[in-house]
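Residue numbers (the numbering used here): 1 to 235.
What follows is the structure, given as structure tokens:
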């Protein structure tokens, strides 16, 4: 543990904690602040000027990261018949119907994303209490309730992520891996902010973007300059 502490301290010393970094500079720095021996994820936390307790201020969406997340995503699909085969051919890890419902009710949760065809939602519905709190429930607004399984499975496998504002108005998302070069991370971040700004609720008044921090999984946070982000991606 002492060794990990020293590594974190060394990484922390590279970051000016009082500075708001331009996005490109921040991503050039983030690869120098990794602490673990494995390929850490690069994450972003964004504080928005919204109150998700009000339904008209909930910010939730998806974005296809141009360079993916760098990690393997286990996709589960609820489908039958020809759609079962379509999902398998597209690369889904698990496909089924009532059999998967029983398995999940029994405590099995070895998957990262869930898709369902519309006709299967009656079967999937009872899993709401299990999947909902984990952000895994299929949702037509997010494109995960669909008959277009081939496209949806491939997009998720390629790096399409979901995000939503939590109670305090904070959005968390993965932008890639610490092994990605800074340009790839910047382009993934750009795609994320483009969508985030498009999702600004009409009822949200005042400053929409209040702050943002990036970090590797185990590394220190690097604060981004919200004004620069607004100018670059806010339009």
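Backbone N, C-alpha and C define an ideal beta-carbon position, used for all residues, glycine too.
Take the alpha-carbon of residue 193 and the one of residue 66: they are about 13 Å apart.
In this structure, residue 195 lies near residue 63, with their beta-carbon atoms less than 7 Å apart. Here residue 71 has 41, 174 and 177 as same chain residues with Cβ atoms under 8 Å from its own Cβ, once five neighbours each way along the sequence are excluded. Taking the Cα positions, residue 167 is about 7 Å away from residue 51.
By the Cβ rule, the region 33 to 47 counts as touching the region 153 to 171, because three or more pairs are nearer than 8 Å. Distances from the CA of residue 21 to each of 217, 94, 218 and 211 were compared; the closest alpha carbon is that of 211.
For the 7 Å CB-CB criterion, residue 83 and residue 149 form a contact.
Taking each of 206, 182, 121 and 232 in turn and checking the Cα distance to residue 80, the smallest one comes out for 121.
The beta carbon of residue 88 sits closer than 7 Å to the beta carbons of 95 from its chain, once the five residues preceding and following it are set aside; these are given in chain order. By the C-beta density criterion, residue 11 is buried, having at least 16 other C-beta atoms within 10 angstroms.
For residue 209, the uninterrupted beta strand (DSSP E) segment begins and ends at 209 to 216. Burial of residue 113 is indicated by the presence of at least 16 other C-beta atoms within 10 angstroms of its C-beta.
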